[in-house]
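*Asks:* I am attaching a structure below and will ask some questions about it afterwards.
Number of protein chains: 2
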Amino acid sequence: MFSQTVEYALRAVVYLAEQVDARTTQQIAVVTKVPAAYLAKVLQNLSRFEVVRSQRGLHGGFSLGKSATELTIWEVVQAVEPIRRIRECPLELESHRTKLCALHRKLDDALAEIERTFRDCTIADILAVPFSDTPDCSFPFVEEPAREGRISLK
Amino acid sequence: MFSQTVEYALRAVVYLAEQVDARTTQQIAVVTKVPAAYLAKVLQNLSRFEVVRSQRGLHGGFSLGKSATELTIWEVVQAVEPIRRIRECPLELESHRTKLCALHRKLDDALAEIERTFRDCTIADILAVPFSDTPDCSFPFVEEPAREGRISLK
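Same order as they appear, the protein sequences are chains A and B. Here the working numbering is used: the first sequence runs in plain steps of one and ends on residue 154. Here the working numbering is used: the second sequence runs in plain steps of one and ends on residue 154.
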């Protein structure tokens, strides 16, 4: 349901959210276990929508385009593979137009629910989940003991 | 988010739900506005999962595999393009296994919500939405006045 692209974009963003300095595509690729070429394209899209910021130069690389407390899952998803709500009849029936039939209303209701869930969840919310709520889990990416009270991203 | 395949499968099933006799691929294709070759593959999958039943012979074609009051959106979707819940860590981290991190827990929560919505909605539920709730809409497929109290599928 959620594509590989969405999964990779979210991994990259969650990883970057805890980094102080910019990280190169190669660095991100290793830690998030994403093929570097694939990741480069994902980062390009994230950059276009200012979800991440790219800096050139010796200590260049990618960092978050805004604070993790402001950046939502929704923004990340919409940057790489937008969820499109059903606004008009997919059959293009003249009599339907923007009045959806019961089937498409139901499908759009499900999309609306996803939108609400993702808009309500910031990257900071994800990072703030206490370690005790995810037992045996040193999320994400590197298998090290989690720090007290939160998830290890190191 | 929901693919063309899912959309086409649901159109076919909703259409068949109000037909007394079996309908050929060609008949379904015309009414649901789906390319016949594409529809044939979709119907094949629906048939494999007994969502529809195919009958050979002079009056052969497709009909629903079970009553519209028993058939859910979920079953239709799972037959053609299954929504896969996140049961294990997508990064295959040894320490995660079936304990999901906060990110994957959030994504799976969204999938769970879709599953619930679709499991709770039968094809009969869709057909039962009163016409007055979908104004200007003679859903689906053919632009004719709706019958009193329900949606026209004719």
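Note that CB positions come from ideal geometry on N, CA and C, so glycine has one too. As the structure is a computational prediction, the values presented were derived from the model and not from experiment.
Taking buried to mean at least 16 other C-beta atoms within 10 Å of its own C-beta, is G61/B buried or exposed?
*Replies:* In the second sequence, counting from the first residue as 1, residue 61/B sits at position 61. Classification for G61/B: buried.
*Asks:* Here's the rule I'm using: 16 or more other beta-carbon atoms within 10 Å means buried, otherwise exposed. How should K66/B be labelled?
*Replies:* For the purposes of this step, residue 66/B is taken as the residue at position 66 of the second sequence. Counting Cβ neighbours within 10 Å, K66/B comes out exposed, since fewer than 16 surround it.
*Asks:* Give me the chain B residues within the contact set of F2/A, using Cβ-Cβ distance strictly less than 7 angstroms, ordered along the chain.
*Replies:* Your numbering for residue 2/A matches position 2 in the first sequence. Within 7 angstroms Cβ-Cβ: L107.
*Asks:* Would a check of beta-carbon distances place I114/B closer than 7 angstroms to chain A?
*Replies:* Your numbering for residue 114/B matches position 114 in the second sequence. It does: the Cβ of I114/B has a partner Cβ on chain A nearer than 7 angstroms.
*Asks:* Three or more C-beta pairs under 8 angstroms: does that hold for the region 67–77 of chain A against the region 109–125 of chain A?
*Replies:* Taking 8 angstroms as the limit for Cβ pairs, the verdict is that the region 109–125 of chain A does touch the region 67–77 of chain A.
*Asks:* Compile a chain-ordered list of the residues in the region 64–78 of chain B whose CB is closer than 8 angstroms to at least one CB of chain A.
*Replies:* The residues in question are I73.
*Asks:* If you draw a straight line from the alpha carbon of E144/A to that of E115/A, how long is it in whole angstroms?
*Replies:* Residue mapping note: residue 144/A aligns to position 144 of the first sequence, counting from 1. Residue mapping note: residue 115/A aligns to position 115 of the first sequence, counting from 1. The pLDDT assigned to E144/A is 45, lower than 50, so where the model puts this residue is not dependable; a value taken from the coordinates is nonetheless given after this. So the alpha carbons of these two residues sit roughly 33 angstroms apart.
*Asks:* Rounded C-beta distance between F118/B and V77/B? I'm assuming under 8 angstroms.
*Replies:* In the second sequence, the residue the question calls residue 118/B occupies position 118. In the second sequence, the residue the question calls residue 77/B occupies position 77. At roughly 6 angstroms, the Cβ-Cβ gap stays under 8 angstroms, so F118/B and V77/B are in contact.
*Asks:* Could you list which residues in chain A have their beta carbon closer than 8 angstroms to that of F118/B, in chain order?
*Replies:* For the purposes of this step, residue 118/B is taken as the residue at position 118 of the second sequence. Chain A residues near F118/B: A110.
*Asks:* Taking DSSP's pairing of strands, which residues face Q4/B in a bridge?
*Replies:* Residue mapping note: residue 4/B aligns to position 4 of the second sequence, counting from 1. In the DSSP output, where bridge partners are listed per residue, Q4/B has none listed.
*Asks:* Assign Y15/A to one of two classes, buried (16 or more other C-beta atoms within 10 Å of its C-beta) or exposed (fewer than that).
*Replies:* Sequence index remark: in the first sequence, residue 15/A carries index 15 (1-based). By the neighbour-count rule (16 or more Cβ atoms within 10 Å), Y15/A is buried.
*Asks:* On the DSSP bridge list, what partners appear for S67/B?
*Replies:* One-based indexing of the second sequence puts residue 67/B at position 67. In DSSP, S67/B forms no bridge with anything.
*Asks:* Measure the alpha-carbon distance for S132/A versus C89/B and round it to whole angstroms.
*Replies:* Within the first sequence, numbered from 1, the residue matching residue 132/A stands at position 132. Within the second sequence, numbered from 1, the residue matching residue 89/B stands at position 89. Since pLDDT at S132/A reaches only 49, below the 50 mark, its modelled position is unreliable, and the value read off the structure follows with that caveat. Looking at the two C-alpha atoms, the distance is approximately 17 angstroms.
*Asks:* Short of 6 angstroms in beta carbon distance, which residues of its chain neighbour A102/A, apart from the five on each side in sequence? Order them along the chain.
*Replies:* In the first sequence, counting from the first residue as 1, residue 102/A sits at position 102. Closer than 6 angstroms at the Cβ level, and outside the excluded window around A102/A, lies no residue.
*Asks:* Specify, as a first and last residue, the run of the alpha helix (DSSP H) that V129/A falls within.
*Replies:* As a first step, residue 129/A is located in the first sequence; it is residue number 129 there, counting from the start. From DSSP, V129/A is part of no alpha helix (DSSP H); its letter is neither H nor E.
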